[in-house]
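In the numbering used here, the protein residues as written are 13 to 270.
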């Protein structure tokens, strides 16, 4: 039943992305506005195009360090890795006020050269946690080719599990079509009772099932060994990450599947 629901939902998403591909040349469809089809499907706006209603700082109050400019959420890159970088004491990521369990979310985004950001879900808050990625799985958004990364072994360049569209440090797309820094992309994440899909620019990247033997193998090895609460909760905040570089979001639309 999960797969039937998924096929239905993402087929609609794919059709929408075809339409959205021609949106830039149309003056009739506005940003941050639901189409009649989206309304009928049950989507709501998670960003109203004007302010941060429905959003807050991770472990904090009103949004600071981000702005809404011409209908776009703009993060200025004031934050970074609060665990690895000792100069950054408090996360500057933003999260939803509301908690979500099952959902389908889509959004448009772009980054600058050498940019780094992400979308996370089921994020937990509290004094125990310094950053959303300690608990929430991440859809990675990054400049794949130019992000200045050097591994502990001295290798330059990102690993595949660090690149755009990945379920960070877990699942990797075999192929993808991503527009370069400075150009808009469209992404989607489906979460339904542990079944997850990542989409990019109208194409499905991969799917996986939380709690499967494959998922456990990936979860309990590598990066996440140091974060015991990663991926454990099935409900929580949604998050846009501020990771030291400028990032832009618009047309953030969500369907609650509960």
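Backbone N, C-alpha and C define an ideal beta-carbon position, used for all residues, glycine too.
Asked: Backbone CA spacing between residue 178 and residue 150 [nearest angstrom]; Found: 8 Å
Asked: C-beta contact flag for residue 254 and residue 97 at 9 Å; Found: no
Asked: Nearest-angstrom beta carbon gap, residue 111 and residue 247 [assumed within contact, 8 Å]; Found: 5 Å
Asked: Helix, strand or coil at residue 268 [DSSP, three-state]; Found: strand
Asked: Expected contact under 8 Å - CB spacing of residue 234 and residue 222 to nearest Å; Found: With a Cβ gap of about 17 Å, residue 234 and residue 222 do not count as contacting.
Asked: Cβ pair count under 8 Å reaching 3, the segment 111-131 against the segment 255-270; Found: yes
Asked: Contact test: residue 70 Cβ vs the ligand GDP heavy atom, cutoff 8 Å; Found: As for the ligand GDP, it is missing from this structure, which has no ligand bound.
Asked: Close-in-space but distant-in-sequence residues of the same chain around residue 230 (CB under 6 Å, 5 per side omitted); Found: 182
Asked: Close Cβ partners of residue 263 (< 7 Å) along its chain, the five nearest in sequence each way excluded; Found: 43, 44, 119 and 120
Asked: 9 Å Cβ cutoff met for residue 61 and residue 86; Found: no
Asked: Endpoints, alpha helix (DSSP H) assigned at residue 227; Found: 225-231
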